[in-house]
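First up is the structure itself, then whatever we jot down about it.
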Ligand SMILES: Nc1ncnc2c1ncn2[C@@H]1O[C@H](COP(=O)(O)OP(=O)(O)OP(=O)(O)O)[C@@H](O)[C@H]1O
Ligand SMILES: [Mg+2]
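Residue numbers (our numbering): 103 to 220.
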């Protein structure tokens, strides 16, 4: 059976001028639908970078992400990331921060009850 989400041989390198930082090297992970996975590691080890690649916000240097066998190469409503900082509104609750994006993307296609349940 194919995995729901497959991270396939992902490398990520950031280049700034002459400096190159290899952040992710050969990351492989398969996640089934309904499975709950935590990625843990020290600050700067590349957790957010990996999530950004899954979200389609940044590309992998090598390898890629497959969601239900389709390659991820852009953001889409089938994947969501709650950012660590910058984009969070501190006067809203966690739920309200998440709801902002859900309401924006699904305003026309899902009822309020469905958006709440999702
Ligand atoms: N756009 C970028 N350009 C250059 N380097 C970057 C960029 N984004 C992240 N990095 C570097 O990649 C490494 C991984 O960063 P990342 O934010 O993915 O770590 P993290 O595991 O999420 O850390 P934290 O636990 O602090 O959130 C760090 O060394 C960071 O400085
Ligand atoms: Mg992070």
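We put the beta carbon where it would ideally sit given N, CA and C, even for glycine.
It should be emphasised that the depicted structure is a prediction, and the values quoted were computed from it without experimental measurement.
Exercise for the section: Indicate whether residue 151 and residue 125 have their beta-carbon atoms separated by less than 8 angstroms. Expected result: The residue you call residue 151 lines up with position 49 of the chain shown. The residue you call residue 125 lines up with position 23 of the chain shown. Yes.
Problem - residue 136 classed as buried or exposed, judged by whether at least 16 other C-beta atoms fall within 10 angstroms - result: Within the chain shown, residue 136 is the residue found at index 34, counting from 1. Per the 10 Å Cβ criterion, exposed.
Problem - For ligand 2, residues whose Cβ lies under 6 angstroms from any non-hydrogen atom - result: In chain order, the qualifying residues are 149, 150 and 186.
Problem - Where residue 95 sits in the DSSP three-state scheme - result: With the chain represented from 103 up to 220, any question about residue 95 goes unanswered, as that position is not in the structure.
Handout entry: Closer than 7 angstroms: residue 146 CB and nearest ligand 1 heavy atom
Key = Position 44 of the chain shown, counted from the start, is the residue given in the question as residue 146. Yes, since a heavy atom of ligand 1 falls inside the 7 angstroms radius drawn around the Cβ of residue 146.
Problem - Secondary structure of residue 174, DSSP reduced to three states - result: Walking along the chain shown from the start, residue 174 turns up at place 72. Coil.
Problem - Residue burial classification, residue 68 (beta-carbon count within 10 angstroms, cutoff 16) - result: It is not possible to answer for residue 68, since the shown part of the chain is limited to 103 through 220.
Exercise for the section: Could you tell me if the beta carbon of residue 195 falls within a distance shorter than 7 angstroms of some heavy atom in ligand 1? Expected result: Within the chain shown, numbered from 1, the residue matching residue 195 stands at position 93. No.
Handout entry: Any non-hydrogen atom of ligand 1 closer than 7 angstroms to residue 183 Cβ
Key = Start at 1 with the first residue of the chain shown, and residue 183 comes out as number 81. Every heavy atom of ligand 1 is 7 angstroms or more from the Cβ of residue 183, so no.
Handout entry: Status (buried if at least 16 other CB within 10 Å, exposed otherwise) for residue 129
Key = For the purposes of this step, residue 129 is taken as the residue at position 27 of the chain shown. Buried is the call here.
Exercise for the section: Give the C-beta separation of residue 158 and residue 175 to the nearest angstrom, bearing in mind that I take them to be a contact with Cβ-Cβ under 8 angstroms. Expected result: Locating residue 158 in the chain shown gives position 56, counting from the first residue. Locating residue 175 in the chain shown gives position 73, counting from the first residue. The beta-carbon separation of residue 158 and residue 175, rounded to 6 angstroms, stays under the 8 angstroms limit for a contact.
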